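Some notes on the structure that comes next.
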Amino acid sequence: NFWKFSAFTLKFQKFFSVTRLVFSHIRSEQFWQQNTIFVSFLQSTTIPLFLDRKDVAAEAVTGSGKTLAFLLPILEILTHLEEPLKYNQIGALILSPTRELASQISQVLSKFLEKIPSLKQQLFIGGTKFNEDIEKFKNEGGNIIIGTPGRIEDLLMGKTDTANKNVFVQSVKSLVNKFY
C-alpha cells in the first residue's frame, strides 16, 4: 500500500532534494509515477520525524519500506551539513541485530552512495579480525557505519592496538557530541 507523498511541510519540500538524486538511480514504478514520488505509509509518517531528529520506533511487515524510512533522512541530513564530513568522521551509526540484515542495509545504501560520492560507508559485522576493521576504517574512512552490536562493541571496547582503536572511538565520540 503506497501513499502519494505530498509536501505538507517545509521539511518534506527540502527532502525532495536528496530523494530526486537518490530515486533517479533506482527508477521504480513503486516510487515514481509521472514525476511524483510514492512512499509507504510507514515512510510518510517516519521520515518527517527523522528529519526533525526525533527518536522513532516502528514495527512493520517485510517490504513496508523500513530501510528507506531511515536511510533517506540520514542521507538528507548528511548531505546538507554546513561543513562536509571528513573521510573518517562518522555521521551515522546503524546497528542491526543480524549480519544478514546489516548486509542488506549496506547493499541498499551502496546504491544511493554511488550518486553521493562525498559519503562513504563501512560494514562491520564480524567474521573478520577486528584489527582489520579498525585498519579499514583508518585507511578508507567511513561516514555511515553499519554493524552488529557485538562487532561495534568489539571495535569500541575490544583489546586491539590502542592507537588504531582511538581513531574509531574518537569518531564515534564526535558523532555523539555533535548531535546530542
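Just so we're on the same page, this note's numbering is the position in the sequence shown counted from 1, plus 517. For every residue, glycine included, the Cβ atom is placed at its ideal position computed from N, Cα and C. All values derive from a computational prediction rather than experimental measurement.
Asked, Found
"Assigned secondary structure, leucine 640 (DSSP; H/G/I helix, E/B strand, else coil)", "strand"
"Residue environment, glutamine 624, which counts as buried when at least 16 other CB atoms sit within 10 Å", "exposed"
"Isoleucine 669 and phenylalanine 641 closer than 8 Å at C-beta", "yes"
"Cβ neighbours of glutamine 687 in the same chain (closer than 6 Å, five flanking residues each side left out)", "none"
"Pairwise C-alpha distance: lysine 603 and serine 691", "12 Å"
"DSSP three-state assignment for alanine 575, whether helix, strand or coil", "coil"
"CB contact flag (glycine 582, glutamine 560, <8 Å)", "yes"
"Per DSSP, cross-strand counterpart(s) of isoleucine 661", "Ala609 and Gln638"
"Start and end residues, alpha helix (DSSP H) containing glutamate 593", "583 to 596"
"Nearest-angstrom beta carbon gap, alanine 609 and leucine 598 [assumed within contact, 8 Å]", "At roughly 11 Å, the Cβ-Cβ gap does not stay under 8 Å, so leucine 598 and alanine 609 are not in contact."
"When Thr563, Leu672, Lys571 and Gly580 are compared against glutamine 621, the one with the closest alpha-carbon", "Gly580"
"Same chain, Cβ closer than 6 Å to proline 590, five either side skipped, listed in chain order", "Ile564, Phe567 and Leu568"
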